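Colleague:
Numbering (my numbering), first residue to last: 36 to 197.
1) Assuming residue 91 and residue 174 are in contact, meaning their beta carbons sit under 8 Å apart, how far apart are those beta carbons, in whole angstroms?
2) By a C-beta neighbour count over all protein chains shown, 10 Å radius and 16 as the cutoff for buried, is residue 153 buried or exposed?
3) If we count the other Cβ atoms within 10 Å of its Cβ and call it buried at 16 or more, is residue 161 buried or exposed?
4) Which value, in whole angstroms, describes the spacing of the CA atoms of residue 149 and residue 96?
5) Taking C-beta to C-beta, are residue 84 and residue 70 nearer than 9 Å?
6) In the DSSP assignment, what residue or residues form a beta bridge with residue 97?
Shown next as structure tokens:
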């Protein structure tokens with residue numbers, strides 16, 4: 036089967052129901068990673084999962100100083116909704132990422148004649164990625180949920196400790 040690449044043809048970011056966050060330059064979605072330990076066994080070294088997920092971080096880079104960014108710091112945990120459209124040959128595929136967490140803001144350096152840049156770093160407590168209406172991943176730190184492709188990787192842990 037021939038694989039056809041997908042291209043992101045557009046994206047917007049909304050914050051806390053306030054509305055459009057501004058002109059988006061780049062977005063780094065959270066990495067879903069497990070903590071790993073390296074063990075030596077049987078003449079081999081290998082990496083094994085500890086069953087613990089690493090902290091989720093995301094970064095949004097804007098090309099404008101939109102007023103709602105600093106307003107969002109007054110919210111306990113601002114929610115960012117990122118909507119995009121993927122193109123794959125003749126198909127258009129909607130993608131939605133929802134990220135909720137504490138934030139830091141970096142207004143960058145100023146240089147005359149250069150595009151402005153404001154970075155928002157999100158320390159996420161919640162992350163969900165939907166592609167074409169299907170949830171691929173949902174990480175909810177507060178509720179100890181790690182739903183990946185329909186399987187909750189923390190379900191047994193919750194039943195053991197809660």
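Built from N, CA and C at the ideal position, the CB exists for glycine as well. Computed from a predicted structure; not experimentally measured.
Modeller: Looking at the atomic coordinates:
1) 6 Å
2) buried
3) buried
4) 15 Å
5) yes
6) 59 and 153
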